[in-house]
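Read in order, the letters of the sequence shown correspond to residues 1 to 418 in full-length UniProt numbering.
Glycine included, every Cβ here is placed at the ideal spot set by N, Cα and C.
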Amino acid sequence: MNKIKNLFKGDPVIWIIYFFLCVISLVEVYSAGSSLAYKNGSFWVPLTSQAMFLAVGTMVVIFIHSIPCRFFRAFPIFLYPLSVFFLFLVLVIGATTNGAQRWIDLGFFQFQPSELAKGSVILSVALILAQTQREKGAHKNAFKLIVGITIPVVLLIASDNISTGALLLGVVLLMMIIGRVPWNQIGKFLGVLAISVALIVTIVAVVPSDSAFYKMPGMGRMKTAKSRIETKLSHSDREILPEDYDIDKNAQVAHANIAIASSNFVGKMPGNSVERDFLSQAYSDFIYAIIIEETGLWGGLLVVFLYVVLLYRAGRIAKRCESNFPAFLAMGLALLLVCQAILNMLVAVGLFPVTGQPLPMISRGGTSTLINSFYIGVLLSVSRYSRKNNVKATPAELSGETPERRKVNPGLQPAAAK
């Protein structure tokens, strides 16, 4: 028993959430993977492949959570340039799946660099915010540094994965708010961002779908995004007609809606899904719809509850941290996981255009499972080495360098701004 306790240290609630998500993943990927089973000629292929990734992911969690969180400060030094290199590499030799060039084919495994890039940016932003904190908030140079490392990665990711780029940018903005970056800088950035988005939307709306514009580097997914947004808007501004759910026109969304509508409160029970045979991404992008179909409203609410508790526990852990870096890191990674989960669930229930975002730790996937396990391991590491007290911290204590924190570790006090 003591050996088990020594192996699984850190916040017990996060461990429970992690294993709950793993169990849900095994059950639902196996149930939703009928197309994979047919393709591979075996019912066990979806289960065994996902079980292997989850097993390796658990080993990643155990290894990472045993590393003192102070060592994560060094990770951005090599992870960030490595991520940028892989993002450039995927543009040159990337493997294309479902019309998207996002993976590097290693033969036995397809690696998705954007997953690594997201984590490297969060680590870098947490480090910058921690090192630039002052009594009244982050130094003005923090904004310049954060934008300087975030925008290149976001643009590289968005060239073929707009939703992931937007997700990362949104999480970084939330981290800057938590880190008390001056509001005038954030406001100016949001203004420039809004103008840029409006300009791009205008160009995409005006340019015909068969134009050579969409064949330019980085513009390939714009056509797909345009189609998805137009489909969503066309259904929201008028009465919904039966032909809107023509299977040939919008099969994924139509069958996801059918799956949810036919679930009732208790669901059809695991293994009894009907729509899994019609959803090509039932085990990935639309797995939340299958969860609701099989387990009903209560199963869907349980999944939401797990992610909400994960974010809450990350906030509690951040409040107990003795220094700023692990606090920002814990909040950044938790926000990344939970915001992605929210985006996936909104798509599945028809409240957001299709994005292609998987459900963290539940959807089938190799790179995403391993990288998300790394995030969980970091959260557990921070929880292990965070200060054990029950004092409720103020927002300034979470995002700023307080006298109490400086007393605990005088070396954290930044030099006065010039």
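Among the options, the one whose alpha carbon lies nearest that of residue i
i	options	result
Phe75	Ile17, Val125, His255	Val125
Met176	Leu79, Tyr385, Val13, Ile122	Ile122
Asn96	Ile371, Phe19, Asn161	The question names Asn, but residue 96 is Thr in the sequence shown. Answer by Cα proximity: Asn161.
Phe85	His139, Leu173, Pro113	Pro113
Thr150	Tyr80, Pro270, Arg180, His139	Tyr80
Val253	Ser262, Leu279, Met52, Asn264	Leu279
Gln133	Ser323, Pro360, Val354	Ser323
Gly148	Gln357, Leu169, Val90, Phe88	Leu169
Ile178	Ser273, Thr295, Ala318	Ala318
Ala55	Ile77, Leu26, Ser34	Leu26
Val153	Leu89, Ala142, Leu7	Leu89
Phe8	Arg102, Phe63, Ile287, Gly365	Phe63
Arg73	Ala327, Arg102, Thr48	Ala327
Asn141	Gly119, Arg180, Thr58	Arg180
Phe20	Thr58, Arg320, Ser49, Phe43	Thr58
Residue i, buried or exposed, once every other Cβ within 10 Å from all chains shown has been counted against 16
i	result
Pro68	exposed
Pro46	buried
Tyr312	exposed
Pro12	exposed
Thr164	buried
Glu275	buried
Val192	exposed
Val206	exposed
Gln331	Just to set this straight, residue 331 is Met in the shown sequence, not Gln. Met331 is buried by the Cβ-count criterion.
Leu190	exposed
Gly377	buried
Residue range of the alpha helix (DSSP H) that includes residue i
i	result
Ala205	183 to 206
Asn257	251 to 261
Lys144	140 to 158
Leu21	12 to 32
Cys339	324 to 348
Ser114	113 to 131
Glu135	Here Glu135 belongs to no alpha helix (DSSP H), and DSSP marks it neither H nor E.
Tyr375	366 to 385
Leu311	287 to 320
Range of the contiguous beta strand (DSSP E) that encloses residue i
i	result
Ala95	95 to 97
Whole-number beta carbon distance between residue j and residue i, since they are thought to touch under 8 Å
i	j	result
Ser373	Val60	4 Å
Ile290	Ala32	5 Å
Segment contact, 8 Å Cβ cut-off, at least three pairs: the segment 125 to 139 with the segment 373 to 382: no
Inter-stretch contact at 8 Å, needing at least 3 Cβ pairs: the segment 200 to 209 / the segment 152 to 167: They do not touch, by the three-pair rule.
Taking three-plus beta-carbon pairs below 8 Å as touching, is the segment 291 to 302 in contact with the segment 350 to 357? no
Is the segment 334 to 351 touching the segment 253 to 263 in the sense that three or more CB pairs, one from each, lie closer than 8 Å? yes
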